[in-house]
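These notes concern the structure reproduced below.
Protein chains: 2
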Amino acid sequence: MISSKKALNIILNKAKRLGTQTLSLDDALGFVLAADVKARINVPVFDNSAMDGFAVHKENLIGEPLKIIGEVQAGQKAAVKVSKGKAVSIMTGAPVPAGTAAIVPVENVHVEGESLIIRKPVLLGANIRKAGEDIKKGSVVIKAGSLLKPIHLGLAASVGESKLKVYNKPALSLVVTGNEIIEPGKKLLQGQIYDSNSYLIKNLLAELSIDICFFAYSADTLAKTKSVLRKALSKADIVITTGGISVGKYDFLSLALENIGAKCHFNKVNQKPGKPLSFFTYKNKIILCLPGNPVAVATCFELYARPLLLKMSGFSQISRPRIKAVLAQPVKKKKGRASFIRVNLAQKNGRYYAKPTGRQGSGVLTSMVADGVAVLPEGSGDLKKGQFVNVVDLGGEYR
Amino acid sequence: MISSKKALNIILNKAKRLGTQTLSLDDALGFVLAADVKARINVPVFDNSAMDGFAVHKENLIGEPLKIIGEVQAGQKAAVKVSKGKAVSIMTGAPVPAGTAAIVPVENVHVEGESLIIRKPVLLGANIRKAGEDIKKGSVVIKAGSLLKPIHLGLAASVGESKLKVYNKPALSLVVTGNEIIEPGKKLLQGQIYDSNSYLIKNLLAELSIDICFFAYSADTLAKTKSVLRKALSKADIVITTGGISVGKYDFLSLALENIGAKCHFNKVNQKPGKPLSFFTYKNKIILCLPGNPVAVATCFELYARPLLLKMSGFSQISRPRIKAVLAQPVKKKKGRASFIRVNLAQKNGRYYAKPTGRQGSGVLTSMVADGVAVLPEGSGDLKKGQFVNVVDLGGEYR
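This is how it looks when you write it as structure tokens:
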């Protein structure tokens, strides 16, 4: 059976960036930048005042009386000029007049009519923000490949960009298999269970700014499965399925995929949960088959689907952050198989402690309300309290 | 001057939860649950098979030959009954027939026509998921006050809920002041700068699932400022402003707010960046006035606006996670004033190391492309390399 590490490598090797599009700053959050943003201007554009105060000449940096000869507001040109014995009233952000050596803050002067006395000496250059001090014209402000966050969009705006070239997000189809699955809100008949996987996956995708372009439940017959898969593939760059991939008599997914000409790259992974995880390609399209158990779905989404989708979205840093944490209790583990344990995290004296969230069965969805997933490699056996483990940080509020 | 800690307390004391609404699972991501979700069913609903295999009787757990008398698929009723000497073929997730003591996995049996031989003995109860094993009917599945993440929405679906009662998000107006501010994409005239604050704030709000119900640029005149504020207040639970709040001659925001009857709670905070931060209320509405400098805006949004908005959204855990990190280089700091330093984080042997992102001036927006903000309290002076600092984790990919 293939290892978890090898499975991820095979998946990522098939993941290709898609095309690009140009989006306005209002729509680009969560997309990946496809071309460097270079500053077309200096930031600040011009030398400007960091304070409300008075622009003074280099020979008037201490206490002598000065004559106020004008004013510059933010958004105005600096029409006046500062010379020896003269000061100009200036607002925060306003352009610094020619001849200015420093800005004296308004709190440090005494004004009487048109006359000004500096009460606290000021250093040469004080409170002047120099043109290009933050960003030099022509320099790269945001590198291609960045996942766009609010601060990036603010930065792009500050250099005057209103649109950004970004990588397309993959078009994604979701197929939930299983005769026993019904929608929440409906009445359960005997033998039926509520669909939780599609709600879990839809919302995990929303966090990646990926919409679902085609969704279907598929009953467990070969003909129905093939027809649904054909539709799903026709619309999408990637199809994600849940269930129907195990060795059961009515698990038609593998057969259906082979029947329509998809190529299987692996159909089982040496891990728990998520052993039935399978991976196919069809022409340039990807089919990732998640197991049916909700915990296996949640775990395999985090460890396989998320990096795959981020890579298809053009992002290179495709893994969640990992934390090295100290096990807060012993953990039983079968040697020879990777194991993913859901844990909560606590911080103490700058170290993290990881505690399993309780029963770890693959039907136990409550165990996924967790801060992280501890990745226990194949080679490891039982773990003792106090051992370090690698934890995939799911981005909680635990600290 | 009021301390940063006191300022936050004053703000949070005025933040009240708003009303509630009922949303479908497709729309509830990022909202805060307003009432406990209690399970109306057991999960699993019924005893079911964890494997594809055969249901066997308690007296047939080892190797004797058995007669296969029927089959149960997922989604079907278990119409047949298991008795001594008889086995029933069963699929993963299918209800366990009466009389079943264990499920023998299909990999561990030898089948010939209607006859079955167990090749590997099985323990009593093996591979049966018991009804209520994950969630007991009537138990609380998600607590009121939880910020809804994908896993919660999957959990709600698994107990059959299709809608959830959540707290309303605040209706928010954004007002950007400053004669010098123009929209990105337009040509800069002398003395003008591009608006970055509104793009920064809009996208920070998007991450909190909060829409802007009213947006305006406001020129620096008293009449215009008052009129824009009145409109902003009429539509919103909270108004956020940027700029115009300092001591400058053309900073009309405070005066305008007082003129229209708003109450000032503080108009300056002993911190850097963000000293001009001001806070008003008008009837039951909140007005948070951020400074004009982009770095002060980004920092004050993180430290004040975000907790405020989360509390108004019904969330009690309103702070970003904090990390105790080791300073990777010395930091100069004026004693007697809180200071917020943007840092990048690196992990080594289970410890975090914090390194300032470079020049920390309040116009230096590039310094905000950071993993976190180190909060240096008022009492602290210069800091040495190796000292511990508290870092607000901005949720990056640094680990």
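Protein chains in written order, with this note's numbering: chain A, 243 to 641; chain B, 243 to 641. Glycine included, each C-beta is placed from N, C-alpha and C at the ideal position.
Determine whether the Cβ of ALA448 (chain A) lies closer than 8 Å to any Cβ atom of chain B.
-> Here residue 448 (chain A) refers to the residue found at position 206 of the first sequence. Yes, its Cβ sits closer than 8 Å to a Cβ of chain B.
List the endpoints of the continuous beta strand (DSSP E) containing GLY628 (chain B).
-> For this step, residue 628 (chain B) is matched to residue 386 along the second sequence. Run containing GLY628 (chain B): none; DSSP gives neither H nor E here.
Buried versus exposed call for LYS248 (chain B) [16 or more other C-beta atoms within 10 Å across all chains shown] | Along the second sequence, one-based indexing puts residue 248 (chain B) at 6. Exposed is the call here.
Using a Cβ-Cβ cut-off of less than 8 Å, list which residues of the region 490 to 501 of chain B approach chain A; keep chain order.
-> GLY490, LYS491, TYR492, ASP493
VAL418 (chain A) - DSSP class collapsed to helix/strand/coil = Counting from one through the first sequence, the residue named residue 418 (chain A) turns up at place 176. In the structure shown, VAL418 (chain A) sits in a strand (DSSP, three-state: E or B).
Using 8 Å as the Cβ pair cut-off and three pairs as the minimum, do the region 263 to 277 of chain A and the region 367 to 375 of chain A touch?
-> no
Cβ of GLU544 (chain A) less than 8 Å from any chain B Cβ?
-> Within the first sequence, numbered from 1, the residue matching residue 544 (chain A) stands at position 302. Not one chain B Cβ lies under 8 Å of GLU544 (chain A).
Starting from HIS352 (chain A), follow its DSSP beta bridges and name the residues at the other end.
-> Translated into positions along the first sequence, residue 352 (chain A) becomes position 110. BP columns for HIS352 (chain A) point to A:ILE359.
By DSSP, does ARG641 (chain B) sit in helix, in strand, or in coil?
-> As a first step, residue 641 (chain B) is located in the second sequence; it is residue number 399 there, counting from the start. Residue placement at ARG641 (chain B) is poorly supported in this model, since its pLDDT is 45, which falls under 50; the coordinates are not used for a value here.
Roughly how many whole angstroms lie between the Cα atoms of MET293 (chain B) and GLY433 (chain A)?
-> Counted from its first residue, the second sequence places residue 293 (chain B) at position 51. Counted from its first residue, the first sequence places residue 433 (chain A) at position 191. Approximately 15 Å between the Cα atoms of the pair.
Can GLU403 (chain A) and VAL279 (chain A) be called in contact, C-beta distance under 8 Å?
-> Locating residue 403 (chain A) in the first sequence gives position 161, counting from the first residue. Locating residue 279 (chain A) in the first sequence gives position 37, counting from the first residue. In contact: GLU403 (chain A) and VAL279 (chain A) (Cβ atoms closer than 8 Å).
Count the other CB atoms, across all protein chains shown, that sit within 10 Å of the CB of ARG361 (chain A); report buried if there are 16 or more and exposed otherwise.
-> On the first sequence, position 119 is the one that residue 361 (chain A) refers to. Its Cβ having fewer than 16 others within 10 Å, ARG361 (chain A) is exposed.
If contact means a Cβ-Cβ distance below 8 Å, which residues of the region 255 to 289 of chain A contact chain B?
-> LEU267, ASP268, LEU271, ILE283, VAL285, PRO286, VAL287, PHE288
Hey, how far is the Cα of ALA340 (chain B) from the Cα of HIS352 (chain B)?
-> As a first step, residue 340 (chain B) is located in the second sequence; it is residue number 98 there, counting from the start. As a first step, residue 352 (chain B) is located in the second sequence; it is residue number 110 there, counting from the start. Their Cα atoms are separated by approximately 23 Å.
Note down the Cα distance separating MET554 (chain A) from TYR441 (chain A), rounded to an integer number of angstroms.
-> Against the first sequence, residue 554 (chain A) aligns to sequence position 312. Against the first sequence, residue 441 (chain A) aligns to sequence position 199. Roughly 22 Å between the two C-alpha positions.
Whole angstroms is fine: what's the gap from LYS491 (chain A)'s alpha carbon to ALA474 (chain A)'s?
-> Position 249 of the first sequence, counting from 1, holds the residue named residue 491 (chain A). Position 232 of the first sequence, counting from 1, holds the residue named residue 474 (chain A). Going by the C-alpha atoms only, they are around 23 Å apart.
Kindly list, in the order they appear in chain B, the residues whose Cβ is closer than 8 Å to that of PRO337 (chain A).
-> Along the first sequence, read from residue 1 onward, the residue named residue 337 (chain A) stands at position 95. Per Cβ cutoff of 8 Å: GLN432, GLY433.
Where the beta strand (DSSP E) through TYR595 (chain A) begins and ends = Within the first sequence, the letter at position 353 stands for residue 595 (chain A). 593 to 598 is the extent of the beta strand (DSSP E) around TYR595 (chain A).
So, is ASN284 (chain B) buried or exposed, given that buried needs 16 or more other C-beta atoms within 10 angstroms?
-> In the second sequence, counting from the first residue as 1, residue 284 (chain B) sits at position 42. Buried, by the Cβ-count rule.
Nearest-angstrom Cα separation, counted from ASP453 (chain A) out to LYS444 (chain A) | Locating residue 444 (chain A) in the first sequence gives position 202, counting from the first residue. Locating residue 453 (chain A) in the first sequence gives position 211, counting from the first residue. Going by the C-alpha atoms only, they are around 8 Å apart.
Cβ of ILE311 (chain B) within 8 Å of Cβ of VAL322 (chain B)?
-> In the second sequence, counting from the first residue as 1, residue 311 (chain B) sits at position 69. In the second sequence, counting from the first residue as 1, residue 322 (chain B) sits at position 80. Taking 8 Å as the Cβ cut-off, ILE311 (chain B) and VAL322 (chain B) qualify as a contacting pair.
Should GLN571 (chain A) go down as buried or exposed, given a rule of 16 or more other Cβ atoms within 10 Å for buried?
-> Sequence index remark: in the first sequence, residue 571 (chain A) carries index 329 (1-based). The residue is exposed, with fewer than 16 neighbouring Cβ atoms inside 10 Å.
What residue does the alpha helix (DSSP H) around VAL401 (chain B) start on, and which one ends it?
-> Residue 401 (chain B) sits at position 159 when you count from the first residue of the second sequence. Unbroken run through VAL401 (chain B): none, as it is neither H nor E.
What did DSSP end up calling GLY396 (chain A) once you bin it into helix, strand or coil?
-> On the first sequence, position 154 is the one that residue 396 (chain A) refers to. Helix, per DSSP.
CB-CB under 8 Å to TYR640 (chain B), same chain, minus the five flanking residues each way: which ones, in chain order?
-> Position 398 of the second sequence holds residue 640 (chain B). Per-residue confidence for TYR640 (chain B) stands at a pLDDT of 49, beneath the threshold of 50, marking its modelled position as unreliable; the derived number appears in the next sentence. Excluding sequence neighbours, TYR640 (chain B) sits near ASN586, LEU587, ALA588, GLN589, ASP613.
When the Cα atoms are used, what is the spatial distance from VAL401 (chain A) to LYS378 (chain A)?
-> Numbered from 1 along the first sequence, position 159 holds the residue referred to as residue 401 (chain A). Numbered from 1 along the first sequence, position 136 holds the residue referred to as residue 378 (chain A). Each residue's alpha carbon lies about 10 Å from the other.
Is it true that the CB of SER622 (chain B) sits closer than 8 Å to the CB of LYS575 (chain B)?
-> Sequence index remark: in the second sequence, residue 575 (chain B) carries index 333 (1-based). Sequence index remark: in the second sequence, residue 622 (chain B) carries index 380 (1-based). Yes, the pair counts as a contact, with Cβ atoms nearer than the cut-off.
Note down, in chain order, each residue of its chain lying with its Cβ closer than 6 Å to the Cβ of ASN255 (chain B), except the 5 sequence neighbours on either side.
-> Residue mapping note: residue 255 (chain B) aligns to position 13 of the second sequence, counting from 1. If we look at ASN255 (chain B) and ignore the five residues flanking it on each side, it has no Cβ neighbours.
Between the beta-carbon of ALA398 (chain B) and the beta-carbon of LEU267 (chain B), is there less than 8 Å?
-> Counted from its first residue, the second sequence places residue 398 (chain B) at position 156. Counted from its first residue, the second sequence places residue 267 (chain B) at position 25. Against a cut-off of 8 Å, the Cβ pair of LEU267 (chain B) and ALA398 (chain B) comes out as a contact.
Cross-chain neighbours of LEU416 (chain A) in chain B, by beta carbon under 9 Å | Here the question's residue 416 (chain A) lines up with position 174 in the first sequence. Under the 9 Å cutoff, chain B gives no residues; its nearest Cβ is about 13 Å from LEU416 (chain A).
Alpha-carbon to alpha-carbon, VAL537 (chain A) and TYR524 (chain A) | Taking the first residue of the first sequence as position 1, residue 524 (chain A) is located at position 282. Taking the first residue of the first sequence as position 1, residue 537 (chain A) is located at position 295. For TYR524 (chain A) and VAL537 (chain A), the distance between alpha carbons rounds to 27 Å.
Which ranges would you report for the beta strand (DSSP E) in the region 259 to 307 of chain A if only whole runs of at least 3 residues count?
-> 262 to 266, 295 to 298
Among residues of its own chain, excluding the 5 on either side of ALA270 (chain A), which ones have a beta-carbon nearer than 7 Å to its beta-carbon?
-> The residue labelled residue 270 (chain A) in the question sits at position 28 within the first sequence. Cβ within range, chain order: LEU390, LEU395, LEU406, VAL408.
Proximity of SER520 (chain A) and ASN535 (chain A) at Cβ, strictly below 8 Å | Against the first sequence, residue 520 (chain A) aligns to sequence position 278. Against the first sequence, residue 535 (chain A) aligns to sequence position 293. Going by C-beta atoms, SER520 (chain A) is not nearer than 8 Å to ASN535 (chain A).
Distance between beta carbons of ALA596 (chain B) and ALA567 (chain B), contact taken as under 8 Å | Taking the second sequence and counting its residues from 1, the one referred to as residue 567 (chain B) is at position 325. Taking the second sequence and counting its residues from 1, the one referred to as residue 596 (chain B) is at position 354. The Cβ separation is near 4 Å, so the contact holds.
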